[in-house]
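Residue numbers (the numbering used here): -4 to 309.
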């Protein structure tokens, strides 16, 4: 039995897959906490699709795909920030515009040079083909991202909560946003090979959303989100060996399953907790109603007998 459980670890490609998934999952979960805090979940979706032209262009020019993907993701995030500051358009319209424009550019590049581009690897990921150099690249991206986020998380939290207050204490909201979007772009690139452009959005939303249901403290929310991202990504890659299925799909469905459990059973914000609170509020209200009704009955019992106007005489 133990030999069967350890079987995936005997293969180097599975070791790389599990380790790279765990690394990427932890960093994306760190970012997901801030995206949930600000309500920027759609930005993760936009970036995951906006890197497609960068990847396509890098393949066409014979460059590492990560270089093109990072440049495209950074330009997309910069475009979102600029349009938001220079126009009165709503955020969802800006994100939709950037997302469709970049994705259309990527499809055009792919159609012009289809033979040199592995579109399936871009869209769905190819975690089982992670090489030693790919793993080192992910480790570097994750390490730099973790260091920056750990050093700046309090400043980022203040900027995301209240930009006016952040400016008043000497912080630069614009600079911090650029740093955050740069990290998000880099982590999106690292996630491409793990789960692909389609499912990377789940990795930058689901852990933060799950942690959001479990605590009110942002520091604890970060810890829960990172732990969930790390464990579910590693476990999903491990289970995909036995399921003989897509690694990215297994990871995302595992994260979704845990989110649904939190959605139902979370002690404060879960569905069952909300129902208990509703019943408690109802039970608190009912005694006062009964007391009022009882008081009225007592008053009527002790009131003098009177004959209504127009009653009988006799």
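Yeah, the Cβ is synthetic: ideal placement off N, Cα and C, and Gly gets one too.
Taken atom to atom, the span from the alpha-carbon of residue 53 to that of residue 65 is near 10 angstroms. For residue 212, the three-state secondary structure derived from DSSP is coil.
Under the three-state reduction of DSSP, residue 35 is assigned to coil, being neither helix nor strand. Taking 8 angstroms as the cut-off, the Cβ atoms of residue 27 and residue 132 do not count as close. Judged by DSSP in its simplified three-state form, residue 264 adopts coil rather than helix or strand. A residue is called buried once 16 or more other Cβ atoms fall within 10 Å of its Cβ, and residue 93 is buried on that count. Counting C-beta atoms within 10 angstroms of its own C-beta, residue 250 has 16 or more neighbours from the protein chains shown and is therefore classed as buried. By the Cβ-count criterion, residue 149 is exposed, with fewer than 16 other Cβ atoms from all chains shown falling within 10 Å of its own Cβ.
In this chain, residue 3 is not harboured by any alpha helix (DSSP H), its DSSP state being neither H nor E. Residue 13 and residue 233 do touch by the CB rule: their CB atoms are close to 6 angstroms apart, below 8 angstroms. Going by DSSP, residue 87 is part of the alpha helix (DSSP H) stretching over 86 to 107. Three or more Cβ pairs closer than 8 angstroms define a contact, and the region 150 to 165 falls short of that threshold against the region 176 to 186. Contact between residue 198 and residue 20 holds: their C-beta atoms lie close to 6 angstroms from each other, under 8 angstroms.
Taking the Cα of residue 48 as reference, the smallest distance to any Cα among 58, 63 and 38 is reached at 63.
In summary, residue 260 is exposed, with fewer than 16 beta-carbon neighbours lying within 10 Å of its beta-carbon over all protein chains present.
Around residue 151, the same chain offers 29, 171 and 175 as residues with beta carbons nearer than 7 angstroms, after the five sequence neighbours per side are excluded. Residue range 127 to 156 is occupied by the alpha helix (DSSP H) that includes residue 140. Residue ranges of uninterrupted alpha helix (DSSP H) with 4 or more members, entirely inside the region 36 to 80 and ordered along the chain, are 36 to 45 and 47 to 56. It is roughly 10 angstroms from the alpha-carbon of residue 272 to the alpha-carbon of residue 266. Our two residues, residue 143 and residue 84, have alpha carbons roughly 31 angstroms apart in a direct line.
If the five residues before and after residue 23 are omitted, its C-beta is found closer than 7 angstroms to the C-beta atoms of 182, 186, 198, 199 and 224, all from its own chain and listed in chain order. When only Cα atoms are considered, residue 159 and residue 153 end up about 9 angstroms apart.
By the Cβ rule, the region 68 to 86 does not count as touching the region 234 to 245, because fewer than three pairs are nearer than 8 angstroms.
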